[in-house]
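Worksheet: one structure, shown below.
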Amino acid sequence: MEKESRPQTIALVGNPNCGKTSIFNQLTGLQQKVGNFPGVTVDKKVGQLRVGSETIQLLDLPGTYSLYPNSKDERIVAQTLINPSDENHPDAVVYVADVTKIEKHLLLFSQVQDLGIPTLLVLNMADMAEKEGIEVDLKKLSQNFGISAITVSGRTGKGLDQLQEALINLLQKKEAYNPDKAFYLPTQPEKKIIKAIRDQFSIITTDYQALLLAHHHQWLPFLSIQEKEAITGLQEQHSFESIKQQVNETMDRYNRISPILYSTIHNPEERDNWVTRKLDYWLTHRIIGPIIFFVIMTLVFQAIFAWATIPMDGIEAFFGWMAGLVSNNFPGGWLTDLITDGILAGLGGILVFVPQIAILFFLIALLEEVGYMARAAFMFDRIMQFFGLNGKSIVALISGGACAIPAVMSTRTISNWKERLITILVTPLISCSARIPVYTVLIGFVVPSTIVGGIFNLQGLAFMGLYLLGIVAALVSAFVFKLILKSDERSFLMLELPEYRLPVMRNVWLTVWEKVKTFAWEAGKVIFVISIVLWVLAYFGPSNKMQLAEQAALEIAAEQNLDETATANLVASQQLEASYAGHVGKFIEPAIKPLGFDWKIGIALITSFAAREVFVGTMATIYSIGSEEDETTIRNKMAAERNPVTGELVYTAATSLSLLIFYVFAMQCMSTLAVVKRETNSWKWPIVQFLFMSAMAYFGSLLVFQLMN
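First residue of the sequence shown: 21, per our numbering; consecutive thereafter.
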């Protein structure tokens, strides 16, 4: 959107955990949308706010501690505020600071002030300040900083009416930039390079913009290669030492801010919050902390299964009812089948995940709101970084045990792009609930159902072993990607442990709504199209071969005196072999034969790309078993299946274990690929993910089958 054609834009800026997003949610509610900044996959939230006759666009920028960034999120803030020609450059800034921790939160405020952008200082957490006895002289504070300042509470909504009025006044206040009011007074080397840059770049309007250009020119995307080289030359010419100057500037700003706060804010002696100390002692303990975390995550994991079952069954029943309604009221033919087996099945396959996504993000948002997730990230950061991940990756990896889709979406909390990307790439290796039907059917062919040690079922131990194999594969793959992927971002976790607070349910519900909407619409479009393509491949084939397959099936049914249901299943099985999907199965059979797979398993590999659990349904169709039959019957039929040429059993221990290994590693989930595409804003990474996981699956299965056969 061009700046000239958009409403006037106000950016909300502040440190992480300052309550900025709570204020944004209070002001905009559902009148907000999520997109990506141009050229990157960092989220931006944009909301519309109508105040009187004015429509204001609010931009919720990522939280950052200063304009000297360490992550991609923080770089976005810096480049948006530095460059006046940026399409997201705001007309004004609302700077949100936690009044209970105000000294730490005003470094960035002073930097924004020096950029010459009209700024309003909003002191958030007014309710907490009142409880702690903190008193603020707003009039004196405003005079000393040369701007308007107000107090609000993003939790309770107190002061938001006053804030809306202040937003209009802020946009109407267009004072010229006055360098004499700057917080930071540049040193002599800085003054020289500032003058040289301002003489060379016409878009630069303030001294501090020029200074930030000197610090950040190497990565700023709006500068050309020639411009970057020119600034590098100026640095050398004027002996400009970036790191040293940043340290000096930061100390100088604090020296100027502290006396102002001392004279305007009365803060009683900080009380010893023994509750927080005691909670943090146990929740971040080296040994007990991780145990508590895994207990909490186990409860979350169980809740996803327990709470999602009924709504998921309801969604499946609804789409089954819709399919039956269409079948009973529309004439038979390919169009009816397209609607029932393609469109409705595709929609059902998308929306059936919504309960899991909603429940997961509801619980994660609750833990985030009360301040626990920051502690979890802190606990696991060191070991996760060894594997190229981040402390926050632990949440995604554990969530992947339920479903990789919401787990991939939860990686947005990881600010380091390399660590976030590695987490996205390896999360699908964690065995999800969709693999359970496959494991259930196949494990019986590999290990007997016997008790070991008096209490452990051998098949149950094998089941656990498959999960552990996926975890090990995820960590090893992450370590390999750590060595391969290059990034100029430093790998460390910097966060402020927030106070424990009751959750703001408005924020929780908006988070759930945003995640569900994003999945259902953005990922759903891709899933829907692929579902229809898969249906077409399985339904159609060369016309003469499809007819011959149907005739052959009817003849066999007549000879064996099969009933109507069994005849229909046999026809479906024969036509599946003759379909384009069947041809693909035959085509890939030479490639999968070394793994112990025949063309029928090949079809299952193709159709289960829609979702891994489709494997069982495909087997039921191929082996002429009605959908009403349970998994035990399917397993018995598969156990009796023999190779028509050799007469040997198809599902030997070697073939079954090979197939299990394949499903542990393979990316057999188009839904996950669609979400990865959406989260990375590129097809490059889903393709890389599909290829490396498929290679692991193929060669892992090959090794197992050849060793056991």
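Glycine residues also receive a C-beta, built at the ideal position from the N, C-alpha and C atoms. No experiment lies behind these values; they were computed from the predicted model shown.
| Item | Value |
| --- | --- |
| For Gln77, name the three-state secondary structure that DSSP assigns. | strand |
| Could you give the DSSP three-state label for Leu228: helix, strand or coil? | What sits at residue 228 in the sequence shown is Tyr, not Leu. Helix at Tyr228. |
| Classify His235 as helix, strand or coil using the three-state DSSP reduction. | helix |
| Using a Cβ-Cβ cut-off of 6 Å (strictly less than) and excluding sequence neighbours within five positions of Thr1, which residues of its own chain qualify? | Outside the displayed span of the chain (21 to 729) sits residue 1, for which this structure offers no information. |
| Rounded to the nearest angstrom, what separates Ile122 and Ala112 at their Cα positions? | 21 Å |
| How would you label Lys535, buried or exposed, when you count the other beta carbons within 10 angstroms and need 16 or more for buried? | buried |
| Between the beta-carbon of Val446 and the beta-carbon of Phe501, is there less than 9 Å? | yes |
| Return the chain-ordered list of same chain residues with a C-beta closer than 8 Å to the C-beta of Cys38, the five sequence neighbours on each side being excluded. | Gly83, Val116, Ala117, Asp118, His125 and Asn144 |
| Please report how far the alpha carbon of Tyr600 lies from the alpha carbon of Gly561, in whole angstroms. | 5 Å |
| Which residues share a DSSP beta bridge with Leu69? | Ile76 |
| When we look at the beta-carbon of Ile379 and count the other beta-carbons within 10 Å, is it buried (16 or more) or exposed? | buried |
| Could you tell me which uninterrupted alpha helix (DSSP H) segments, each at least 4 residues in length, are contained entirely in the stretch 117-152, listed from first to last along the chain? | 122-134 and 146-152 |
| Who are the near neighbours of Asp80 in its chain, counting only those whose CB is closer than 7 Å to its CB and skipping five residues on each side? | Leu32, Lys40, Thr41, Phe44 and Lys65 |
| Return the residue from the list Val472, Ile96, Ser497 and Thr460 that minimises the CA-CA distance to Ile450. | Ser497 |
| How would you label Thr48, buried or exposed, when you count the other beta carbons within 10 angstroms and need 16 or more for buried? | buried |
| Excluding five sequence neighbours on each side, which residues of the same chain lie with their C-beta closer than 8 Å to the C-beta of Gly162? | For the sequence presented, residue 162 should be read as Ser rather than Gly. Closer than 8 Å at the Cβ level, and outside the excluded window around Ser162, lie Leu141, Ser168 and Ala169. |
| With a CB to CB cut of under 6 Å and the five nearest residues on each side skipped, what residues in its chain are close to Ala343? | Thr360 and Leu364 |
| Compare the C-alpha of Thr356 against each of Leu319, Val374, Ile626 and Trp555 and name the closest. | Trp555 |
| Can you give me the Cβ contacts of Glu74 inside the same chain, cut-off strictly under 7 Å, excluding the 5 residues immediately before and after it? | Ile188 |
| In or out: Trp341 buried (at least 16 other Cβ within 10 Å) or exposed? | exposed |
| So who's on the other strand from His286, going by DSSP bridges? | Glu155 |
| Under 8 Å, with one C-beta from each stretch per pair, do the stretch 244-256 and the stretch 211-230 reach the 3-pair mark? | yes |
| With DSSP as the reference, please indicate the residues paired to Val114 in a beta bridge. | Leu32 and Leu140 |
| Could you pull out every residue in the same chain whose Cβ sits closer than 6 Å to the Cβ of Gly490, ignoring the five residues on either side in sequence? | Leu449, Ile450, Ser451 and Val684 |
| Measure from the alpha carbon of Gln184 to the alpha carbon of each residue in Pro523, Arg70 and Thr225, then state which is nearest. | Arg70 |
| With Leu191 and Gln68 assumed to form a contact (beta carbons below 8 Å), what rounded beta-carbon distance in angstroms separates them? | 15 Å between Cβ atoms; not a contact. |
| Of the residues Leu101, Lys178 and Asn103, which one's Cα is nearest the Cα of Gln46? | Lys178 |
| State yes or no: is the C-beta of Pro89 within less than 9 Å of the C-beta of Val97? | yes |
| In whole angstroms, what separates the C-alpha of Ile504 from that of Pro241? | 24 Å |
| With a threshold of 16 other CB atoms inside 10 Å of the CB of Val374, please say whether the residue is buried or exposed. | buried |
| Look up Ala202 in the DSSP assignment and say whether it is helix, strand or coil. | coil |
| Assuming Ile170 is part of the beta strand (DSSP E), what are its boundary residues? | Ser168 to Thr171 |
| Pop quiz: Ala493 and Met716 are said to be a contact at Cβ under 8 Å. What is the actual Cβ separation, rounded to whole angstroms? | 7 Å |
| Is Met271 a contact residue of the ligand MG, with contact defined as CB to any heavy atom under 8 Å? | You won't find the ligand MG in this model; it holds no ligand whatsoever. |
| Just to confirm, are Asn589 and Glu389 a CB contact at a threshold of 9 Å? | no |
| Within its chain, find whatever has a CB closer than 8 Å to the CB of Met713; leave out the 5 residues flanking it on each side and keep chain order. | Pro448, Leu449, Phe685, Ala686 and Met687 |
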